[in-house]
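Q: The structure that follows is given in the form of structure tokens.
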């Protein structure tokens with residue numbers, strides 16, 4: 001007896017499993033295609049499964065992200081998948097597409113397929129795209145996005161190009177609340193001429209480590225009083241000045257800040273904005289000095305309820321910071337405590353007893369085994385908190401302010417809104 005080829009066995013097994021799932025399903029709400037790297041994956045035509053159309057008819061979220069470059073084999077399978085989704089549902093609310101091309105001027109059929117997919121949906125609330133399309137198709141892509149101008153609430157563009165067309169789309173969006181720009185490749189084009197419409201957005205995310213400041217400053221000026229939150233990997237004195245002069249209503253700020261800019265940041269923004277949420281990330285070197293932490297502690301506005309910091313701080317400097325802080329925080333997130341966790345938590349507990357407002361302390365995993373589960377890490381955190389609470393240093397203090405103090409994991413700062421919407425770590429599937 002001759003065994004069938006391995007590929008045939010895989011396809012038969014996939015068809016049997018797919019048929020069983022589709023027939024027994026009441027309908028899928030989420031469909032994700034997430035590939036990290038090139039492999040020998042065999043792609044199936046999902047529409048060939050009996051019951052697939054009915055199962056996909058209730059889709060609300062579709063996410064496609066692949067690090068594999070488009071080629072003849074993969075492109076054929078991807079086109080089948082996009083066609084299947086387009087034919088099966090009209091009710092997608094969230095869509096995220098990341099297509100990798102070695103040359104964006106190739107594979108016109110992929111551009112057309114995504115345009116058809118976007119056009120086939122009635123009221124998309126979320127659109128996330130990288131700039132994969134041919135230059136001549138930019139108008140079609142942006143016109144297709146404009147079809148959802150009344151329903152669209154979150155738009156994410158990875159890679160900057162054809163900005164005058166994009167600005168026309170932004171001006172037409174009546175209910176767009178969240179806008180996100182992300183770096184892509186060296187061919188990012190910041191040219192937008194003199195098109196400066198007024199934006200209605202409330203939340204702006206900007207993931208560029210560098211690049212012309214004029215672009216992001218223009219977006220900030222266009223947003224003006226409407227902007228309530230700003231999250232940016234790129235942050236310098238020129239951006240600070242624009243926020244100070246044009247965005248007085250920002251209450252949530254998450255920025256990557258150089259230690260050399262700390263004093264200016266305190267003077268220009270912390271004394272002006274009524275911040276409720278502040279998260280600061282600093283480069284790995286140089287570390288923040290004790291004097292800079294003190295300056296930050298005394299400058300935190302009274303309105304601030306959440307403070308997070310991603311900077312390596314030893315237990316001594318953390319204690320000094322918290323002793324100097326008079327702001328009544330509700331949540332404190334420490335993203336880079338690498339050792340002496342119990343000593344650090346002792347200082348946090350002393351602060352909690354003193355201000356009486358702190359409800360939660362968050363610690364990010366640092367120097368932990370990557371295989372540790374969320375349950376194991378949270379158990380370890382609670383053990384550290386218990387050890388710190390039993391410290392002789394705290395014995396003389398009343399404990400009534402501690403009975404509700406929680407400890408939990410602080411997630412890495414992402415400077416993106418994509419993960420909360422799609423519940424997947426976007427950086428794992430893009431290059």
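Residue numbers (full-length UniProt numbering): 1 to 431. Glycine residues also receive a C-beta, built at the ideal position from the N, C-alpha and C atoms.
#1: Look at residue 315 and residue 340 and say whether their C-beta atoms are less than 8 Å apart.
#2: Alpha carbon to alpha carbon, how far is residue 175 from residue 207?
#3: Only counting the same chain, and skipping five residues up and downstream in sequence, which positions put a Cβ closer than 6 Å to that of residue 361?
#4: Between the C-alpha atoms of residue 226 and residue 115, what's the straight-line distance to the nearest angstrom?
#5: Taking the continuous alpha helix (DSSP H) assigned at residue 379, which residues delimit it?
#6: Any chance the stretch 275 to 285 sits against the stretch 247 to 261, with 3 or more Cβ pairs inside 8 Å?
#7: Provide the residue(s) that pair with residue 320 in DSSP beta bridges, ordered along the chain.
#8: How long is the line joining the alpha carbons of residue 256 and residue 179, rounded to whole angstroms?
#9: Short of 8 Å in beta carbon distance, which residues of its chain neighbour residue 289, apart from the five on each side in sequence? Order them along the chain.
#10: Looking at residue 435: is its Cβ nearer than 8 Å to the Cβ of residue 110?
#11: Take the Cβ of residue 411 as the centre, count every other Cβ of all protein chains shown within 10 Å, and call the residue buried at 16 or more, exposed below.
#12: Taking the C-alpha atoms as reference points, what is the distance between residue 88 and residue 117?
#13: Applying the criterion that 16 or more other CB atoms from any shown protein chain within 10 Å of the CB defines a buried residue, is residue 285 buried or exposed?
#14: How far does the beta strand (DSSP E) with residue 256 in it reach, from first residue to last?
#15: Compare the beta carbon distance of residue 378 and residue 346 with 8 Å and say whether it is the shorter of the two.
#16: Under the DSSP definition of a beta bridge, which residues are partnered with residue 393?
#17: Alpha carbons only, please: which of 248, 247, 236 is nearest the one belonging to residue 265?
#18: My understanding is that residue 223 touches residue 199, with C-beta atoms under 8 Å, so please give their C-beta distance in whole angstroms.
#19: Residue range of the beta strand (DSSP E) that residue 230 falls in?
#20: Below 8 Å on the Cβ atoms is my contact criterion, and I expect residue 158 with residue 120 to pass it. Report the Cβ-Cβ distance as a whole number of Å.
#21: Given a threshold of 16 other Cβ atoms within 10 Å of its Cβ, counted over all protein chains shown, does residue 72 qualify as buried or as exposed?
#22: Within 10 angstroms of its Cβ, does residue 1 collect 16 or more other Cβ (buried), or is it exposed?
#23: What's the gap between the Cα of residue 404 and the Cα of residue 394?
#24: Return helix, strand or coil for residue 64, following the three-state DSSP convention.
#25: Entirely within the stretch 94 to 146 and at least 3 residues each: give me those beta strand (DSSP E) ranges in chain order.
#26: Buried or exposed, going by whether 16 or more other CB atoms sit within 10 Å of the CB of residue 310?
#27: Based on Cα-Cα distance, which residue from 386, 241, 126 lies nearest to residue 342?
#28: Please report how far the alpha carbon of residue 435 lies from the alpha carbon of residue 91, in whole angstroms.
#29: Where does the unbroken beta strand (DSSP E) through residue 158 begin, and where does it stop?
#30: Straight-line CA distance for residue 391 to residue 397?
#31: Can you look up residue 281 in the DSSP assignment and give me helix, strand or coil?
#32: Going by the CB atoms, is the gap between residue 170 and residue 197 shorter than 8 Å?
#33: Would you report the Cα separation of residue 100 and residue 36, rounded to the nearest angstrom?
#34: Assuming the contact rule is C-beta atoms closer than 8 Å, residue 94 and residue 123 should be a hit. Round their C-beta distance to whole Å, please.
#35: Taking the beta strand (DSSP E) that residue 180 belongs to, which residues open and close that run?
A: For this structure:
#1: yes
#2: 23 Å
#3: 332, 348, 407
#4: 31 Å
#5: 374 to 389
#6: yes
#7: DSSP output for residue 320 lists no bridge partner at all.
#8: 18 Å
#9: 259
#10: The structure shown does not extend to residue 435, since the chain is modelled only from 1 through 431, so no value can be given for it.
#11: exposed
#12: 11 Å
#13: exposed
#14: 252 to 256
#15: no
#16: Note: residue 393 sits in no beta bridge, so no partner.
#17: 236
#18: 5 Å
#19: 229 to 232
#20: About 22 Å; that fails the 8 Å criterion.
#21: exposed
#22: With a pLDDT of 47 at residue 1, under the threshold of 50, the predicted position of this residue should be treated as unreliable, though the coordinate-derived value follows. Looking at its Cβ environment, which holds fewer than 16 other Cβ atoms inside 10 Å, residue 1 is exposed.
#23: 17 Å
#24: strand
#25: 94 to 100, 126 to 130
#26: buried
#27: 386
#28: The chain is shown only over 1 to 431; residue 435 falls outside these bounds and no answer can be derived.
#29: 154 to 158
#30: 11 Å
#31: strand
#32: yes
#33: 12 Å
#34: No, residue 94 and residue 123 are not in contact; Cβ-Cβ is about 11 Å, not under 8 Å.
#35: 178 to 182
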